[in-house]
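Report on the following structure.
There are 2 protein chains.
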Amino acid sequence: MKLNTIAQQLKLSESTVSRALNDYRDISADTKALVRRAASETGYFPNPHARRLASGKADNIAYVMPRSDGQFNSSFLVELMAGMAGALNAKGWDFSLLVPDSIEEEIEIFQKISRTRHVSGLIISRTLTRDVRFKILHELKIPFVSHGRSMDSAAAAWIDVDNATAFSDMTAHLIELGHRRIAHIGGEESYNFSSQRARGWRDALVKAGITVDPDLHQKAELSFAGGAFAMRSLLMLADPPTAVCCISDHVAIGAMRALRDCGLVPGHEVSVIGYDGLEIGNWLEPPLSTMKQPLQSAGQQLVEIVINMVENGDSPKDHQKLYRAKLVRRGTDNPPVPGCSKHLSRSRQDKNTTFGGEGK
Amino acid sequence: MKLNTIAQQLKLSESTVSRALNDYRDISADTKALVRRAASETGYFPNPHARRLASGKADNIAYVMPRSDGQFNSSFLVELMAGMAGALNAKGWDFSLLVPDSIEEEIEIFQKISRTRHVSGLIISRTLTRDVRFKILHELKIPFVSHGRSMDSAAAAWIDVDNATAFSDMTAHLIELGHRRIAHIGGEESYNFSSQRARGWRDALVKAGITVDPDLHQKAELSFAGGAFAMRSLLMLADPPTAVCCISDHVAIGAMRALRDCGLVPGHEVSVIGYDGLEIGNWLEPPLSTMKQPLQSAGQQLVEIVINMVENGDSPKDHQKLYRAKLVRRGTDNPPVPGCSKHLSRSRQDKNTTFGGEGK
DNA sequence: GTGTCAACCGAAAACGCTTTCGGTAAGTGT
DNA sequence: ACACTTACCGAAAGCGTTTTCGGTTGACAC
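Protein chains in written order, with our numbering: chain D, 3 to 362; chain A, 3 to 362.
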């Protein structure tokens, strides 16, 4: 099933067959049809390695998968990768996965790619506030797009959600409901989305004339446990919050658990809003309010961007896209309950008295 | 940075350099050291395409990712893929993802692989009870391992969990707690794990001398919504179950929601046990009991198996491994509450009377 | 000395495709 | 009739490795 075979069979030269298959315009329509039919009849597939070696093109995209955070929004990740694979498949390109253990290893991989060019384009994610990868990839001249911005991404291609606006929207919503003491459970601020979300929260408070109490800003691991721990700390405060903006749904779910453990009902004594729009939130008791990203097909978009850069040499700057998250009210965002603040200090409440909030 | 350059630089032939790098034994230790040093100094990486073309080896593994079931245990999937990527990376092999839209497309991909051999080995999953892929891959002589068995997998390599035993263990446990009316919310039985799990449930009942009531066997979509729907059907029964064995944690979570919506408390009037050992189960109210698979590094294992088959020509049959799932008691498996069965028929209960079960 | 055997290395032929360059034949205008 | 395109195709040179097949040494025994 080599090009050779098919050429002899048709009494054409290899080069003609090759060009016919690749739709060169100096091949007559007749021969093209002829060759195509012969190819599909014999079930011919060009050898990718030979093709790539000869053409110098790799025709594949690699996604740098964030390592070892089992707690991160994994359903989203799967969705994302499926989207990428689908879009690439439509183009006939390959999709590989890179899972570096450390940032050093990641950079090493980049260098290898830049030398051998065995990967035509890259998609990175989980961007840091300051992220060397942008500079490195730029220097190595590897076409790439990032899922998430960074302070170093001005000249790069990216798609992202407006984290700051999302969290100021969220916070403003709670303020409008009547809350004044609104906490934020955030994450490690070296991650760009972390610091942006914290900023959004802070901005909304300031804008409403509420002074920001540093005690109300907790930093947590982005996991169930992290959220639970942070929530417990908040409840220990002399003047606990009546609402909490959580950096992720996972964290919010942990926080809900902590509330329950103290005999409180999420959305009653303490409102909770998460972020991610996870399906699971709908199935909790009570259902978790959250911010949802509109990226139904982020994977596909990312792929299309990087393909454009590889094939047409598009400028990265022409591919920057910001989306806005939308509030999804479910059951855990409600007006503060007057007099409830007393209940909030350390003492475990009797379940029967605190149970049965007004719901949504 | 070609082999050429480095050869001239050292005044050696290309072939010598190549063999030195690949550790052939007819190259002296001295020259090997020399070449190696030169290579690492210049930062040389062999061109993968050229290498693969010349050697005929692809040195990569592809994973056929199950498409479009957002509801499936995605954290596990991510974990799995990370494990695969890690193991492959250690070997210097590439990892690609295949995401076919249909079974036809999947088979087409297999044929392409068998022709061009651009993928050395395959990992498949989400096996069907009758799964043509086993026969096809065997005929095409593509080395592969499956994550999950099938009726057609006798001669193939696989790792799997003993689904039947897991569900008979689960059911037996509920029987021991005193339950007699034990339902099963299962899935589409064309999936192998689905039918196995249903079988385990049925076997345990029979073994305990309990006649199997077909009404108690619900088939649901493997999602939150599917679980909720099935649970509602069960509650509508004239004689509803006091315990439910759910095919997955997702389904169980949906079932819990349905219970709550009827004013019931999961683990009180109706015990619920899930399957998968999802982290999220720990954070529900009450925490969900479940069966946990011991596959901490299934990805790595799968990769090692297929590599062995590719490199050493190992027989598939020597790589079949069955694991046993373990019960994780959390909050939703308890003895039946006497007199509760009355509450179970359709009527919405007042929350205050039903709330506050004995917990775990 | 001659023969033998390792140990080492080089020349050159693959591997299966792409792409440049040039050549022929037919069409176009004058 | 001539030059000049245009349309189409073939020859051949890569692409950067691996691998087969010999060939040249030097050591060692006789």
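Glycine included, each C-beta is placed from N, C-alpha and C at the ideal position.
Compare the C-beta of residue 195 of chain A against all C-beta atoms of chain D and say whether one is closer than 8 Å.
Here residue 195 of chain A refers to the residue found at position 193 of the second sequence. False, the Cβ-Cβ gap to chain D never drops below 8 Å.
Fully enclosed by the stretch 17–66 of chain D, which beta strand (DSSP E) runs are 3 residues long or longer?
62–66
Tell me, to the nearest whole angstrom, how far the beta carbon of residue 78 of chain A is from that of residue 87 of chain A; I am working on the premise that it is less than 8 Å.
Reading the second sequence from its first residue, position 76 is the one you call residue 78 of chain A. Reading the second sequence from its first residue, position 85 is the one you call residue 87 of chain A. At roughly 15 Å, the Cβ-Cβ gap does not stay under 8 Å, so residue 78 of chain A and residue 87 of chain A are not in contact.
Return the chain-ordered list of same chain residues with a C-beta closer than 6 Å to the C-beta of residue 381 of chain A, the five sequence neighbours on each side being excluded.
There is simply no residue 381 of chain A to check, as chain A begins at 3 and stops at 362 in what is shown.
Is the CB of residue 146 of chain A under 8 Å away from at least one CB in chain D?
Taking the second sequence and counting its residues from 1, one reaches residue 146 of chain A at position 144. For residue 146 of chain A, the answer is no, since every Cβ of chain D falls outside 8 Å of its Cβ.
Endpoints, the alpha helix (DSSP H) within which residue 235 of chain D is located
As a working note, residue 235 of chain D is residue 233 in the first sequence. Note, residue 235 of chain D: alpha helix (DSSP H), 226–238.
Paired residues, beta bridge with residue 162 of chain A - DSSP:
The sequence position of residue 162 of chain A within the second sequence is 160, counting from 1. Per DSSP, A:324.
Proximal residues to residue 103 of chain D (C-beta, below 7 Å), its chain only, five neighbours per side dropped
As a working note, residue 103 of chain D is residue 101 in the first sequence. Within the same chain, residue 103 of chain D has close Cβ partners 69.
Using beta-carbon positions only, say whether residue 133 of chain D and residue 152 of chain D come within less than 8 Å of one another.
One-based indexing of the first sequence puts residue 133 of chain D at position 131. One-based indexing of the first sequence puts residue 152 of chain D at position 150. For residue 133 of chain D and residue 152 of chain D, yes; Cβs fall inside 8 Å.
Mind checking whether residue 66 of chain A and residue 126 of chain A have CB atoms under 8 Å apart?
Translated into positions along the second sequence, residue 66 of chain A becomes position 64. Translated into positions along the second sequence, residue 126 of chain A becomes position 124. Yes; because the gap between Cβ atoms is below 8 Å, this pair is in contact.
Per-residue DSSP class, three states only, for residue 268 of chain A
Residue mapping note: residue 268 of chain A aligns to position 266 of the second sequence, counting from 1. In this structure, residue 268 of chain A counts as strand in the three-state DSSP scheme.
Just to check, is the beta-carbon of residue 134 of chain D closer than 7 Å to a non-hydrogen atom of the ligand SAH?
This structure lacks the ligand SAH; in fact it carries no ligand of any kind.
Option nearest residue 332 of chain A by Cα separation, candidates A:268, A:59 and A:310
Taking the second sequence and counting its residues from 1, one reaches residue 332 of chain A at position 330. Ranking the options by Cα distance to residue 332 of chain A, first place goes to A:268.
Do the stretch 213–226 of chain A and the stretch 275–286 of chain A touch if we need at least three Cβ pairs shorter than 8 Å?
no
Determine the closest residue to residue 293 of chain A out of A:251, A:263, A:316 and A:191, with distance taken between C-alpha atoms.
Counting from one through the second sequence, the residue named residue 293 of chain A turns up at place 291. The candidate whose alpha carbon is nearest that of residue 293 of chain A is A:251.
Backbone CA spacing between residue 178 of chain A and residue 305 of chain D [nearest angstrom]
Against the second sequence, residue 178 of chain A aligns to sequence position 176. Against the first sequence, residue 305 of chain D aligns to sequence position 303. Taking the straight line joining both Cα atoms gives about 54 Å.
Residues near residue 9 of chain D in its chain [Cβ-Cβ closer than 8 Å; skip 5 each side]
Taking the first residue of the first sequence as 1, we reach residue 9 of chain D at position 7. Answer for residue 9 of chain D: 15, 16, 18 and 19, listed in chain order.
Please report how far the alpha carbon of residue 121 of chain A lies from the alpha carbon of residue 303 of chain D, in whole angstroms.
On the second sequence, position 119 is the one that residue 121 of chain A refers to. On the first sequence, position 301 is the one that residue 303 of chain D refers to. Approximately 27 Å, taken between the alpha carbons.
Flag residue 49 of chain D as yes if its beta-carbon sits less than 8 Å from any beta-carbon of chain A, otherwise no.
Taking the first residue of the first sequence as position 1, residue 49 of chain D is located at position 47. Yes, its Cβ sits closer than 8 Å to a Cβ of chain A.
Taking CB distances under 8 Å as the criterion, tell me whether residue 135 of chain D reaches chain A.
Locating residue 135 of chain D in the first sequence gives position 133, where the first residue counts as 1. No, residue 135 of chain D lies away from the interface with chain A (no Cβ there is under 8 Å from its Cβ).
Between the Cα of residue 160 of chain A and the Cα atoms of A:42, A:181, A:183 and A:136, which residue gives the shortest distance?
Within the second sequence, residue 160 of chain A is the residue found at index 158, counting from 1. Comparing Cα positions, the closest option is A:136.
Beta carbons nearer than 8 Å to chain D: which residues of the stretch 103–115 of chain A have them?
103, 113 and 114
I need the boundaries of the alpha helix (DSSP H) containing residue 209 of chain D, first residue and last residue.
The residue you call residue 209 of chain D lines up with position 207 of the first sequence. Segment 194–209, the alpha helix (DSSP H) holding residue 209 of chain D.
Between the stretch 222–233 of chain D and the stretch 254–261 of chain D, do at least 3 Cβ pairs fall closer than 8 Å?
yes
Exposed or buried, which one is residue 11 of chain D when buried takes at least 16 other CB atoms within 10 Å?
Counting from 1 along the first sequence, the entry for residue 11 of chain D is found at position 9. Exposed: under 16 other Cβ atoms inside 10 Å.
Can you name the residues of chain A whose CB is closer than 7 Å to the CB of residue 97 of chain D?
In the first sequence, the residue the question calls residue 97 of chain D occupies position 95. Those within 7 Å of residue 97 of chain D in chain A are 98 and 99.
Note the first and the last residue of the continuous alpha helix (DSSP H) segment covering residue 111 of chain A.
Stepping through the second sequence from its first residue, residue 111 of chain A is reached at position 109. Residues 105–118.
Need the endpoints of the alpha helix (DSSP H) that residue 252 of chain A sits in, please.
Position 250 of the second sequence, counted from the first residue, corresponds to residue 252 of chain A. Taken as a continuous stretch (DSSP letters only), the alpha helix (DSSP H) holding residue 252 of chain A covers 251–263.
Reducing DSSP to helix, strand and coil, say where residue 96 of chain D ends up.
Locating residue 96 of chain D in the first sequence gives position 94, counting from the first residue. If DSSP states are grouped into helix, strand and coil, residue 96 of chain D belongs with the strands.
Local conformation of residue 329 of chain A per DSSP, three classes:
In the second sequence, counting from the first residue as 1, residue 329 of chain A sits at position 327. Note: residue 329 of chain A maps to strand in three-state DSSP.
Determine the contact status of residue 129 of chain A and residue 194 of chain A, defining contact as a CB-CB distance below 8 Å.
Residue numbering aside, residue 129 of chain A sits at position 127 when the second sequence is read from its first letter. Residue numbering aside, residue 194 of chain A sits at position 192 when the second sequence is read from its first letter. Going by C-beta atoms, residue 129 of chain A is nearer than 8 Å to residue 194 of chain A.
Residues near residue 123 of chain A by beta carbon distance below 6 Å, same chain, minus five either side
Reading the second sequence from its first residue, position 121 is the one you call residue 123 of chain A. If we look at residue 123 of chain A and ignore the five residues flanking it on each side, its Cβ neighbours are 63, 145, 308 and 312.
Between which two residues does the beta strand (DSSP E) harbouring residue 292 of chain D extend?
Here residue 292 of chain D is taken as the residue at index 290 of the first sequence, counted from 1. Residue 292 of chain D -> beta strand (DSSP E) spans 291–294.
Are the beta-carbon atoms belonging to residue 275 of chain A and residue 335 of chain A less than 8 Å from one another?
Counted from its first residue, the second sequence places residue 275 of chain A at position 273. Counted from its first residue, the second sequence places residue 335 of chain A at position 333. Yes; because the gap between Cβ atoms is below 8 Å, this pair is in contact.
Going by beta-carbon coordinates alone, are residue 52 of chain A and residue 139 of chain D separated by less than 8 Å?
To locate residue 52 of chain A, count along the second sequence from 1; it is residue 50. To locate residue 139 of chain D, count along the first sequence from 1; it is residue 137. Cβ atoms of residue 52 of chain A and residue 139 of chain D: not closer than 8 Å.
Residues near residue 225 of chain D by beta carbon distance below 8 Å, same chain, minus five either side:
Your numbering for residue 225 of chain D matches position 223 in the first sequence. Excluding sequence neighbours, residue 225 of chain D sits near 73, 252, 253 and 256.
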